[in-house]
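Engineer: Mind having a look at this structure? Questions to follow.
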Amino acid sequence: MSIKKSLMTAGATLSALPIAALAQNQVNMSPGVTRVGAEIYDLHMLIMIICIVIGIGVFGVMLYSIVYHRKSKGYVASQFHESTKVEIAWTVVPFLILIGMAVPATSTLLEVYDNDDAELDILVTGHQWKWRYEYLNAEGENVSFFSNLATPQEEIYNSEAKGEHYLLEVDEPLVIPVDTKVRFLITANDVIHSWWVPEIAVKRDAIPGFINEAWSKVDQEGIYRGQCTELCGSYHGFMPIVVHAVSQDEFQGWMSAKRADKDAQIAASSVDLSLDALMTEGESVYKTQCLACHGGQGEGGVGKAISGSAIAMGDLGVHLDVGIKGVAGTAMQAFGEQLTDVEMAAVITYQRNAFGNNTGDVVQPSDVAQHKQG
Amino acid sequence: MGDHHHGPAKGLSRWLFTTNHKDIGTMYLWFSFAMFILGGTFAMIIRAELFQPGMQLVEPGFFNQMTTLHGLVMVFGAIMPSFVGLANWLIPMMIGAPDMALPRMNNWSFWILPPGFLMLASTLFMEGGAPAFGWTFYAPLSTTYAAPSVTFFIFAIHVLGISSIMGSINIIATIMNMRAPGMTYMKMPLFVWTWFITAFLLVAVMPVLAGAVTMMLMDIHFGTSFFSAAGGGDPVLFQHIFWFFGHPEVYIIILPAFGVVSQVIPAFSRKPLFGYASMVYATAAIAILSFVVWAHHMYTVGMPVAGELFFMYATMLIAVPTGVKVFNWVSTMWRGSLSFETPMLFSIGFLVLFTIGGFTGLMLSIAPADFQYHDTYFVVAHFHYVMVAGAVFSMTSAVYFWLPKWTGRMYNETMGKVHFWISFVGFNVTFFPQHFVGLAGMPRRVPDYALQFADFNMMSSIGAFVYGASQIMFLYNVIATIVSGEKVSDEQVWDGAEGLEWTLPTPAPYHTFEVPPKIEATPAHG
Ligand code: HEM
Ligand SMILES: [Cu+2]
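Shown next as structure tokens:
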């Protein structure tokens with residue numbers, strides 16, 4: 277044990293050297309902020325150090341040969357070969373070393389798989405290309421929201437300087453309490469994604485039609501960042517994960533605020549809004565959700581043109597259907613769950629009146645709610 | 070068979086209709102080099118985009134097409150056919166046979182390859198673009214969500230698979246039936262042994278790959294739901310089938326490379342291979358184990374813990390026979406009389422870098438740790454150490470080693486050595502830092518990345534350009550040798566080389582061993 281410990285400190289010092297030299301360039305796995313993460317890190321260091329020691333032995337012998345057993349130095353080859361004893365030794369010894377590795381690996385793995393007795397369940401759903409979080413609540417309504425990449429296109433396409441958390445920032449992070457066993461139920465809506473946050477030691481594939489379990493118990497408050505780690509289409513590199521681990525009190529406060537928000541939303545959807553209010557709100561929703569595909573002037577792109585569109589100027593029911601349910605098999609997603617009824621009403625109103633569409637139609641949140649009910 | 074004593078036919082028909090193992094071997098080798106350049110071009114596009122954070126050159130969707138085609142072209146177009154070419158040239162010469170057992174099929178197995186790759190490459194110009202779902206093409210990204218060109222991809226895979234199966238049946242038939250009298254199995258050179266075992270792996274798993282793509286075809290066009298939960302199927306089923314092919318596939322790639330190194334190291338150590346028999350058994354052990362470890366690529370899909378444990382233990386076990394191989398090569402060098410011509414340099418490069426790849430393989434086999442490694446650049450570093458520094462370095466070593474025997478001309482040794490050192494440094498500058506960014510949290514298959522990964526990525530890109538450029542020197546050296554290389558003065562070429570191929574005249578005549586050679590009573594390998 278003490279040998280293992282001192283080897284590890286040696287390894288840690290070694291790996292700290294390049295860090296110092298290259299400032300912020302991390303070169304090693306992070307032990308993170310969970311017990312399991314620390315165990316995984318120890319396992320990683322242990323195996324790496326065993327490999328390095330064996331490597332030094334093997335390469336040392338080889339290097340000695342390369343330096344001293346040269347034809348150019350007149351070294352005459354000995355013709356020895358075959359030795360059953362040696363062969364048995366270098367089969368059995370590695371086997372024993374492997375058993376030594378398998379023991380801690382097994383116990384850590386069993387811990388990773390111990391999903392029982394969670395104090396909080398969160399449903400994580402991968403979408404092309406964003407995450408949706410839903411806090412499961414046995415007593416009342418679930419709180420849920422989408423978490424989108426917050427890095428602006430201008431930074432990605434280099435017309436603006438990149439911020440500190442370039443590509444690792446979202447509009448709304450996942451919030452979890454510290455010192456609490458949180459269970460993640462992970463699934464996907466379309467293709468396979470994978471939910472990974474290195475510092476809280478969770479990586480699990482999000483598979484459409486199936487639910488995977490994983491858990492984490494975070495020791496330290498902080499902000500932890502991760503990314504999707506299963507190729508999921510064009511914007512696979514652009515669906516980060518941000519986790520805010522907060523104190524339990526803070527978490528309760530956040531949760532009540534979220535619930536209140538939700539109630540407010542429900543209340544808001546029964547209030548009628550003016551055309552102006554709808555247009556202002558609609559424009560901002562259009563910019564964040566629709567513009568990338570439908571163009572700044574509704575001229576189209578990946579998606580069809582909105583300006584002059586038969587749908588945006590025709591039957592309202594069809595227009596709402598497209599917005600809420602999407603168009604299967606195309607890039608047009610179902611926005612029904614991602615937008616509140618107010619937002620949906622606003623953006624539909626906006627599309628029907630902007631870009632020269634001028635239908636004069638006003639769609640109210642209550643129309644959306646009614647349409648959703650069918 | 071009157072024309073047997075003549076030389077080759079003239080013009081294009083020589084190549085189109087040839088049944089000569091040397092001609093076919095040559096075509097395989099040139100074809101695979103062309104694919105190496107094509108796949109390399111895709112890699113240069115990838116590294117150019119990743120040179121700096123931010124999107125500069127290509128769009129994310131096109132980037133994914135590049136990573137996909139890079140992987141497919143390198144695995145199926147460059148590495149696999151190059152070793153088939155080597156097998157064609159060498160197996161008959163090594164076992165004292167006049168040609169391959171099934172020469173007409175041999176012609177076919179080569180000639181269906183170029184149309185197959187043409188079909189694959191043509192997807193780049195199709196509506197919706199080329200396949201963009203990675204060389205592992207996981208469903209449903211590769212089925213319901215794929216561009217229409219996926220159908221062409223499926224047929225291309227079928228064609229390559231048929232070619233591989235025909236090629237390996239031919240190799241098995243040749244080795245079983247065409248050995249010269251006295252060439253018993255345990256006297257065969259290791260390169261023949263490793264290919265013999267590889268051919269069985271190919272025959273066993275290529276049909277599985279064919280099954281996987283056929284199921285995709287059905288899901289896409291005929292309304293089945295093998296890989297869709299909505300219809301009662303399972304996307305993870307795809308991964309099980311793919312990796313049941315895929316893991317043996319990585320050994321299909323590396324076993325012939327082991328064979329090459331096992332010929333080259335003894336030759337330049339002027340000393341017999343330390344343990345011939347144990348090398349044969351280790352190869353067989355690796356091949357058998359390779360069938361029961363596939364799910365180590367799938368530790369994060371949510372398998373039951375018993376499954377995880379089984380696949381973890383089985384994968385760790387592979388380190389034992391792999392270790393036996395490495396120890397054997399090193400012991401062969403020990404107290405030899407070493408010299409460092411280009412083939413030896415590439416084989417030593419192989420030995421060092423493959424061993425590093427083996428170590429990271431062992432790290433990856435540890436399931437709980439793999440939860441942190443999986444699908445990061447750490448895995449990318451691992452498999453480039455085993456596939457590029459493993460398979461490609463070994464192949465390069467083979468070309469330098471046998472080229473003088475094939476052509477009767479010597480390559481430029483200085484240029485060869487320079488090629489080695491540039492490749493060696495370029496390779497490590499490219500791939501070593503990828504271990505770091507992977508451990509620090511950079512996922513693979515992303516067109517853009519966070520700022521803390523910037524320095525190492527730039528380093529990687531610079532290394533890649535250097536490694537890529539050094540291949541042009543290789544091409545030049547090979548062509549210059551063929552056209553105007555100095556004639557080999559010593560028929561034996563390398564003083565330490567053993568085996569029947571070296572007993573032939575130099576350059577090796579068009580037809581060899583029409584009369585079977587006599588094999589000495591003492592085993593060639595001791
Ligand atoms: C000691 C021997 C080896 C062990 C224990 C080993 C283990 C592993 C493991 C566990 C993975 C999965 C990592 C992950 O995705 O998280 C992996 C990936 C991979 N290995 Fe190895 N490996 C070994 C040797 C090789 C060799 C010889 C080759 C090929 C020449 C190879 C090629 C690959 C490839 C291509 C992948 C990645 C496939 C992909 O996801 O695209 N490995 N290896
Ligand atoms: Cu594998």
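These protein sequences, in sequence, are chains A and B. If you're matching positions, the first sequence starts at 277 in our numbering and goes up one per residue. If you're matching positions, the second sequence starts at 70 in our numbering and goes up one per residue. C-beta: ideal position from N, C-alpha, C; glycine also. Since the structure is predicted, the reported quantities are computational estimates derived from the model, not experimental observations.
1. For Arg-83 (chain B), count neighbouring C-beta atoms within 10 Å of its own C-beta (all shown protein chains included) and say buried if the count is 16 or more, exposed if not.
2. Identify the contact partners of Thr-382 (chain A) in chain B, using a Cβ-Cβ distance below 7 Å as the criterion.
3. Who are the near neighbours of Val-393 (chain B) in its chain, counting only those whose CB is closer than 7 Å to its CB and skipping five residues on each side?
4. Quick check: is any heavy atom of ligand 2 less than 8 Å from the C-beta of Gly-315 (chain B)?
5. In chain A, which residues lie with their C-beta within 8 Å of the C-beta of Ser-408 (chain B)?
6. Taking the C-alpha atoms as reference points, what is the distance between Asn-89 (chain B) and Asp-288 (chain B)?
7. Quick check: Glu-445 (chain A) and Val-518 (chain A), are their CB atoms within less than 9 Å of each other?
8. Tell me the rounded alpha-carbon separation between His-28 (chain B) and Ile-244 (chain B).
9. Since Lys-406 (chain A) is in the beta strand (DSSP E), which residue starts that stretch and which ends it?
10. Could you tell me how far apart the beta carbons of Gly-532 (chain B) and Gly-507 (chain B) are, in whole angstroms, since I believe they sit closer than 8 Å?
11. Does the structure place the stretch 398–406 of chain B close enough to the stretch 330–350 of chain A that three or more beta carbon pairs sit under 8 Å?
12. Counting contacts by CB-CB distance shorter than 9 Å, is Leu-399 (chain A) in contact with chain B?
13. Along chain A, in chain order, which residues have C-beta atoms closer than 8 Å to that of Pro-209 (chain B)?
14. Taking contact to mean at least 3 C-beta pairs separated by less than 8 Å, is the stretch 512–527 of chain B in contact with the stretch 436–447 of chain B?
15. Beta carbons nearer than 9 Å to chain A: which residues of the stretch 466–482 of chain B have them?
16. Tell me, to the nearest whole angstrom, how far the beta carbon of Tyr-368 (chain B) is from that of Ala-436 (chain B); I am working on the premise that it is less than 8 Å.
17. Quick one: what's got a C-beta closer than 8 Å to Trp-530 (chain A)'s C-beta in the same chain, skipping five residues either side?
18. Under the criterion of a Cβ to heavy atom distance below 8 Å, does Trp-471 (chain A) qualify as lining ligand 1?
19. Does the Cβ-Cβ distance between Val-494 (chain A) and Val-454 (chain A) come in under 9 Å?
20. Considering only DSSP beta bridges, list what Arg-535 (chain A) is partnered with.
21. Excluding the five sequence neighbours on either side, which residues of its own chain have a C-beta within less than 6 Å of the C-beta of Phe-611 (chain A), listed in chain order?
22. So that I know if they touch, is there some Cβ in chain A lying closer than 9 Å to that of Leu-141 (chain B)?
23. May I have the straight-line CA-CA distance separating Ala-553 (chain A) from Phe-500 (chain B), to the nearest angstrom?
24. Would you please state the rounded distance, in angstroms, between the beta carbons of Thr-427 (chain A) and Trp-472 (chain A)? I believe it to be under 8 Å.
25. Between which two residues does the alpha helix (DSSP H) carrying Leu-508 (chain B) extend?
26. For a test of your reading of the model: does the CB of His-365 (chain B) fall under 8 Å from any non-hydrogen atom of ligand 2? Yes or no.
27. Using only the heavy atoms of ligand 1, determine whether one of them is closer than 8 Å to the beta carbon of His-443 (chain B).
28. Which two residues bound the contiguous beta strand (DSSP E) that contains Asp-393 (chain A)?
29. With a cut-off of 8 Å, do at least 3 Cβ pairs link the stretch 189–204 of chain B to the stretch 165–177 of chain B?
30. Does Leu-402 (chain A) come out as helix, strand or coil in the three-state DSSP assignment?
31. Quick check on Met-70 (chain B) - is its C-beta less than 9 Å from some C-beta in chain A?
32. Is it the case that the Cβ atoms of Asp-303 (chain B) and Gly-513 (chain A) are separated by a distance below 9 Å?
33. Out of curiosity, what's the CA-to-CA distance linking Phe-631 (chain A) and Lys-563 (chain A)?
34. Comparing C-alpha positions only, which one of B:Ala-326, B:Pro-325 and B:Leu-286 sits nearest to Phe-307 (chain B)?
35. Report the residues of the stretch 303–336 of chain B with a CB closer than 8 Å to any CB of chain A, ordered along the chain.
36. Using 10 angstroms around the beta-carbon of Lys-474 (chain B), count the other beta-carbons present and answer buried if the total reaches 16, otherwise exposed.
Structural biologist: Looking at the coordinates:
1. With fewer than 16 other Cβ atoms inside 10 Å of its own Cβ, Arg-83 (chain B) counts as exposed.
2. Those are Leu-378, listed as they occur along chain B.
3. Taken in chain order, the residues that qualify are Ser-347 and Ala-351.
4. Gly-315 (chain B) has its Cβ nearer than 8 Å to a heavy atom of ligand 2.
5. Taking a Cβ-Cβ cut-off of 8 Å, the neighbours of Ser-408 (chain B) in chain A comprise Arg-346, Lys-347 and Ser-348, given in sequence order.
6. Taking the CA atoms as reference points, Asn-89 (chain B) sits about 42 Å from Asp-288 (chain B).
7. Yes, they are a contact pair.
8. There is no way to answer for residue 28 (chain B), as the model of chain B reaches only from 70 to 595.
9. Unbroken beta strand (DSSP E) run through Lys-406 (chain A): 406–411.
10. Taking a contact as a CB-CB distance under 8 Å, the pair Gly-532 (chain B) and Gly-507 (chain B) does not count as one, their CB atoms being some 15 Å apart.
11. Output reads yes: the stretch 398–406 of chain B touches the stretch 330–350 of chain A.
12. Taking 9 Å as the CB threshold, Leu-399 (chain A) stays off the interface with chain B.
13. Ordered by position in chain A, the residues that pass the 8 Å Cβ test against Pro-209 (chain B) are Asp-466, Val-467, Ile-468 and Pro-484.
14. In this structure the stretch 512–527 of chain B lies against the stretch 436–447 of chain B, because at least three pairs of beta carbons, one per stretch, are closer than 8 Å.
15. Taking a C-beta cut-off of 9 Å against chain A, none of the residues of the stretch 466–482 of chain B qualify.
16. Your pair Tyr-368 (chain B) and Ala-436 (chain B) checks out as a contact, with CB atoms roughly 5 Å apart and the cut at 8 Å.
17. Closer than 8 Å at the Cβ level, and outside the excluded window around Trp-530 (chain A), lie Val-451 and Val-522.
18. Outside the cutoff, so no.
19. Result yes, Cβ atoms of Val-494 (chain A) and Val-454 (chain A) sit closer than 9 Å.
20. Listed as beta-bridge partners of Arg-535 (chain A) by DSSP are no residues whatsoever.
21. Once the five neighbours on either side are set aside, the close Cβ partners of Phe-611 (chain A) are Gly-599.
22. No, Leu-141 (chain B) does not count as interfacial toward chain A.
23. Each residue's alpha carbon lies about 55 Å from the other.
24. Not confirmed; about 18 Å, so no contact.
25. First-last of the alpha helix (DSSP H) with Leu-508 (chain B): 482–509.
26. Between ligand 2 and the CB of His-365 (chain B), the shortest heavy atom gap is smaller than 8 Å.
27. Yes.
28. Per DSSP, Asp-393 (chain A) belongs to no beta strand (DSSP E) and is neither H nor E.
29. The stretch 189–204 of chain B is not in contact with the stretch 165–177 of chain B.
30. Per the sequence shown, residue 402 (chain A) should be read as Gly rather than Leu. Residue state, collapsed to three classes: strand.
31. Per-residue confidence for Met-70 (chain B) stands at a pLDDT of 40, beneath the threshold of 50, marking its modelled position as unreliable; no derived number is given.
32. The answer is no: Cβ separation not under 9 Å.
33. Cα to Cα, the separation comes out at about 13 Å.
34. With distances taken between Cα atoms, Phe-307 (chain B) lies closest to B:Leu-286.
35. Answer in chain order: Asp-303, Pro-304 and Val-305.
36. Buried: at least 16 other Cβ atoms inside 10 Å.
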